[in-house]
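Colleague: Per this note's numbering, the sequence shown starts with residue 406, numbered consecutively.
Backbone N, C-alpha and C fix where the C-beta goes; we use that ideal spot for every residue, glycine too.
Pasting a structure below so you can have a look.
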Amino acid sequence: MTTFAETLKKEIARVARKELREEITLLRKLGATQRADLSALKKEVKSLQSSLNRLEKIRAAPSSSGSMAKPSPTAKPTPDTPRGKPGRKVTFTAERLKAQRARLGFTQEQMAQLLGVSGLSIWKWETGGAVPRASRVPQILDRLAMGKRDALALISQSD
């Protein structure tokens, strides 16, 4: 009877596998379609987010230029003056540092002397690899707001 019991067990296992195989293939197909749907939804969300960001930029651009009062011809706006709401905190950005250095016509070494840091620090700040300490940012922003004559005078004094 051992062979009969073994044969019966094998047959039951075969039939069970046969029935489960169909269910497993259905589950695999369902999983594949769900993965495809999920991927499509992720792409759609990404495109919607990018279009939303684009629309926000477009919406913000006209409103910010329209809300700013025209500057008086005698007053020169500096890149460090806050734009928009009064009392807004001015932050340090790599783009502002690059623009100010270009406006002054300084090399990185001259800018480093003006700010009292190394040339490597200027390079790192401009490339976005590092940012100045929070305690130094107000001093840096004040010096970036200087005119070219004042900045050159300050550099010549520090030599």
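1) Please report the Cβ distance between residue 531 and residue 502, rounded to the nearest whole angstrom; I am assuming they are in contact, meaning their Cβ atoms lie under 8 Å.
2) Where residue 448 and residue 434 are concerned, what is the direct C-alpha to C-alpha distance, given to the nearest angstrom?
3) Could you pull out every residue in the same chain whose Cβ sits closer than 8 Å to the Cβ of residue 428, ignoring the five residues on either side in sequence?
4) First and last residue of the alpha helix (DSSP H) that includes residue 548?
5) May I ask which residues mark the beginning and end of the alpha helix (DSSP H) holding residue 524?
6) Express the C-alpha separation of residue 523 and residue 545 in angstroms, rounding to a whole number.
7) Please state whether the Cβ-Cβ distance between residue 553 and residue 509 is less than 8 Å.
8) Alpha carbon to alpha carbon, what distance is there between residue 445 and residue 422?
9) To the nearest whole angstrom, what separates the beta carbons of residue 497 and residue 536, a pair I think is in contact under 8 Å?
Modeller: Based on what the coordinates show:
1) Between residue 502 and residue 531 the Cβ distance is about 6 Å, and since that is below 8 Å, they are a contact.
2) Cα-Cα distance, rounded: 21 Å.
3) Excluding residues within five positions, none has a Cβ falling inside 8 Å.
4) Residues 542-549.
5) Per DSSP, residue 524 belongs to the alpha helix (DSSP H) from 524-532.
6) Taking the straight line from one Cα to the other gives about 13 Å.
7) In this structure, residue 553 lies near residue 509, with their beta-carbon atoms less than 8 Å apart.
8) Approximately 34 Å, taken between the alpha carbons.
9) Contact annotation, residue 497 with residue 536: C-beta distance approximately 6 Å; criterion of less than 8 Å satisfied.
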